[in-house]
Ligand SMILES: NC(=O)c1ccc[n+]([C@@H]2O[C@H](COP(=O)([O-])OP(=O)(O)OC[C@H]3O[C@@H](n4cnc5c(N)ncnc54)[C@H](O)[C@@H]3O)[C@@H](O)[C@H]2O)c1
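Put into structure tokens, the structure is as follows:
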């Protein structure tokens, strides 16, 4: 008999996850298109104006026990996920616009929806940001902190966090800020001590996103990285995350093209179909597109988008199918489209006896409509991780790879990109922390 399909919860109350009591404070770095769409969306859902479509924590169910038991609770009823009514937002931006103004500028949500939510949205005003144009060439912000060095700036962010903590019960931080220039780890990222010395010495390897992350982790606040920036993907900040029981995850929300890639590529591999080329191009006209028009920011994004196919196809295991794949990615800034990104993929595949075929994917998506529920879920699940003894001190939350284009993993471990393996991992992690049996779909017991 396969243990995979065995009965539901082991023992009622086996879970050691602390309940989600009181207010959850969400500190958002970068109140742009994604962030304002998330915040406005949460308020619309709270008021019953819309459904939280795209959010697994809000709409998803989880099967418990055997298929014959018919137990499919909502994920949010199964695990103690914070209630949306208890979520309180604040944030930082390099522009002074409040969330209403910024959302109006982003033009993701229609005017009628924004007008209804205006009294709430305009009350959320950004705190001055930690910013340096060296790391995001296309932005010129004025609403920024000044300090004698990066340590001083980190201390100012820590003071912001401490002040916010007094008004809520728990805090999570998420980076919804712009894509920074491409950076690789250097000696300054090797340990907490080296990083702290680097803050004092204004080390060029420490970008603003790392200063926010350092401030959050120093305060025991979980941190999610929605951009492809290096940020928490360094030995120093992983060590700080573990030391202060502040869970982390990154990088880069998996929304449009890569979402599709991590569905299609596993399908080709499952059927042992070969791939000789995958050409991906995009047009988008929002501020993110403008930032990515700078070659150094694009390089950061490109690295994040390129990785998925390499890992999914495992060309070293399947040289006949994937050794010579030509993978190309382009992002073109095209203002008329605003946030409505259009992505084209041309995939050259080959089948039985090597006969070639082509697949064309044309995804006319709304970037921030896809990203907002992902940002929300990451915030809620990091808060859950912080309340889970088994998860809070392990650093990287690999079970959240489901949401991320370039998932962070432990050193030496390759990332899992297949969306459905990622989903299984996420749900099994929830079952595990809640004391329910895992499901691996063996199911032999139905045929005993
Ligand atoms: N929209 C998507 O589908 C999607 C998908 C994956 C990743 N992302 C990433 O998410 C991030 C946000 O995307 P967006 O579309 O909301 O972009 P956006 O340009 O609309 O918003 C980013 C905001 O961050 C602010 N910002 C930049 N640097 C800052 C700093 N140091 N401190 C505080 N604020 C700062 C900018 O002023 C801007 O308001 C980008 O890095 C993007 O690449 C977006």
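Residue numbers (our numbering): 46 to 493. Beta carbons: idealized from backbone N, C-alpha and C, even for Gly.
Beta-carbon to beta-carbon, residue 126 and residue 106 are separated by about 13 Å, too far to satisfy the 8 Å threshold. About 5 Å separates the beta carbon of residue 320 from that of residue 370, a gap short enough to meet the 8 Å contact definition. Within the same chain, 384, 386 come within 6 Å of residue 412 by CB-CB distance, once the 5 residues on both sides are set aside. Leaving aside the five residues that flank residue 284 on each side, the residues in its chain whose CB is nearer than 7 Å to its CB run, in chain order, 236, 237.
Sequence-distant partners of residue 279 (beyond 5 residues in either direction) whose C-beta falls short of 6 Å from its own C-beta, in its chain, are 230, 234. Here the stretch 342-355 makes contact with the stretch 301-319; the two share three or more CB pairs at distances below 8 Å. Minimum Cα-Cα distance from residue 287 among the listed residues 485, 94, 425, 430 corresponds to 430. Pairing residue 253 with residue 261 gives a Cβ-Cβ distance that is not under 9 Å. Distance from the CA atom of residue 91 to the CA atom of residue 130, rounded to whole angstroms, is 6 Å. The C-alpha of residue 172 lies about 10 Å from the C-alpha of residue 143. In this structure, residue 227 keeps its C-beta atom at 9 Å or more from the C-beta atom of residue 368.
Going by C-alpha positions, residue 250 is about 22 Å away from residue 455. In this structure, residue 373 keeps its C-beta atom at 9 Å or more from the C-beta atom of residue 392. In the assembly as shown, residue 459 is an exposed residue. Its beta-carbon has fewer than 16 other beta-carbons within 10 Å. Taking residue 401 as reference, the option from 427, 424, 366, 432 with the minimal CA-CA separation is 366. In this chain, the alpha helix (DSSP H) harbouring residue 79 covers 78-91. Annotation for residue 461: no beta strand (DSSP E) segment contains it, and DSSP assigns it neither H nor E. Contact between the stretch 158-165 and the stretch 198-211 is not established, with fewer than three Cβ pairs separated by less than 8 Å. Along the length of the stretch 301-370, whole alpha helix (DSSP H) runs at least 4 residues long occupy 302-315, 332-337, 340-358, 364-367, reported in chain order. Sorting 341, 381, 422 by C-alpha distance to the C-alpha of residue 183 places 341 at the top.
Annotated three-state conformation of residue 141 is coil, per DSSP. One alpha carbon belongs to residue 83, the other to residue 100, and they sit about 11 Å apart. Counting along the chain, the unbroken alpha helix (DSSP H) around residue 121 starts and ends at 120-123.
A check of alpha carbon separations from residue 336 across 381, 322, 240, 223 identifies 223 as the nearest. Approximately 34 Å separates the beta-carbon atoms of residue 311 and residue 61; this is outside 8 Å, ruling out the contact. In the structure shown, residue 176 falls within a coil segment according to DSSP collapsed to helix, strand and coil. The residue from 245, 263, 272 with its alpha-carbon nearest to that of residue 221 is 272. In the three-state DSSP reduction, residue 441 falls in the strand class (E or B). Residue pairing for residue 449: DSSP places it in a beta bridge opposite 298. Here the alpha carbons of residue 88 and residue 300 stand approximately 22 Å from one another.
Only exposed fits residue 316, as fewer than 16 other CB atoms lie within 10 angstroms of its CB.
Setting aside the 5 residues that flank it on each side, residue 346 is surrounded in the same chain by 224, 273, 297, 337, 376, each with a C-beta closer than 8 Å to its C-beta; the list follows chain order. In this structure, the beta-carbon distance from residue 212 to residue 132 does not fall below 9 Å.
The shortest C-alpha to C-alpha distance from residue 98 to any of 417, 153, 397 is the one to 417.
Taking each of 426, 453, 174, 313 in turn and checking the Cα distance to residue 185, the smallest one comes out for 174.
Minimum Cα-Cα distance from residue 217 among the listed residues 407, 71, 473 corresponds to 71.
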